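Below: the structure, in structure tokens.
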Amino acid sequence: MPFPARAAAAAAFLAVALSGGARAANDLPPPKTDAMPPVEVTITAENGVPRCAPAELRLPAQTNVDLHVTNQSNTQVSITAPQIFQNKNVLHHDGDVVHVASNDAYLIKANGKGEIRLRTIAPGEYTYGCTATSKQDQPFTGKLTLVDPAK
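Mind the numbering: the sequence shown is residues -24 to -1, 1 to 127 in mature numbering (1 follows the signal peptide of the UniProt record, and there is no 0), read in order.
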């Protein structure tokens, strides 16, 4: 096809696309996804010993949750919970958080913030904790309650 004919065909296509005659794939409605309620966890420290707030964390069981973690201390802190931080339950993480090799924790850098999207486990009462890398002998232990979202 000669150049003038190709240019005319391209112009005609562009006119149809701009007029709305052609429907692009991105005009489709977005797929439905599970809502991930954001949950805030704040880490502070006194004399280098970490403390997580809230001390009693209540989350929906077997649900996707968006955990926002803020470390206000000047030391690295690991946040732990049984099975929840295993690779199979973590959907995404971002920011100043790093998965720990033990597969049961995330390390939050000093004065860091991060987001961990995860899938919670079965309903029940569990413990969760925060441990400073410099004070491993003095961990904080909190209560994690996973409730059936249908109740």
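For every residue, glycine included, the Cβ atom is placed at its ideal position computed from N, Cα and C. No experiment lies behind these values; they were computed from the predicted model shown.
Cβ contact (3+ pairs, closer than 8 Å) linking the stretch 72 to 85 and the stretch 42 to 60: yes
Closest by CA to Val41, which one among Pro30, Asp72 and Asn65? As a first step, residue 41 is located in the sequence shown; it is residue number 65 there, counting from the start. Residue Asn65 is the option with its Cα nearest to Val41.
Tell me the residue span of the beta strand (DSSP E) that contains Phe61. The residue given as residue 61 occupies position 85 in the sequence shown. Here Phe61 belongs to no beta strand (DSSP E), and DSSP marks it neither H nor E.
Taking Pro30 and Ile19 to be in contact with their CB atoms under 8 Å, please state how far apart those CB atoms are, rounded to whole angstroms. Position 54 of the sequence shown, counting from 1, holds the residue named residue 30. Position 43 of the sequence shown, counting from 1, holds the residue named residue 19. Not really, about 11 Å apart at Cβ, beyond 8 Å.
For Ile84, the residue or residues it bridges with in DSSP: One-based indexing of the sequence shown puts residue 84 at position 108. Note: Ile84 sits in a beta bridge opposite Val53 and Val73.
From Thr107 to Arg95, what distance separates their C-alpha atoms? Counted from its first residue, the sequence shown places residue 107 at position 131. Counted from its first residue, the sequence shown places residue 95 at position 119. Those two C-alpha atoms are separated by around 22 Å.
Here's the rule I'm using: 16 or more other beta-carbon atoms within 10 Å means buried, otherwise exposed. How should Gly24 be labelled? Position 48 of the sequence shown holds residue 24. Looking at its Cβ environment, which holds fewer than 16 other Cβ atoms inside 10 Å, Gly24 is exposed.
Taking Cβ to Cβ, would you say Thr51 is nearer than 9 Å to Thr109? The sequence position of residue 51 within the sequence shown is 75, counting from 1. The sequence position of residue 109 within the sequence shown is 133, counting from 1. Their beta carbons are under 9 Å apart, which means Thr51 touches Thr109 by this criterion.
What runs of the alpha helix (DSSP H), each 4 residues or longer, lie entirely inside the stretch 10 to 49? none
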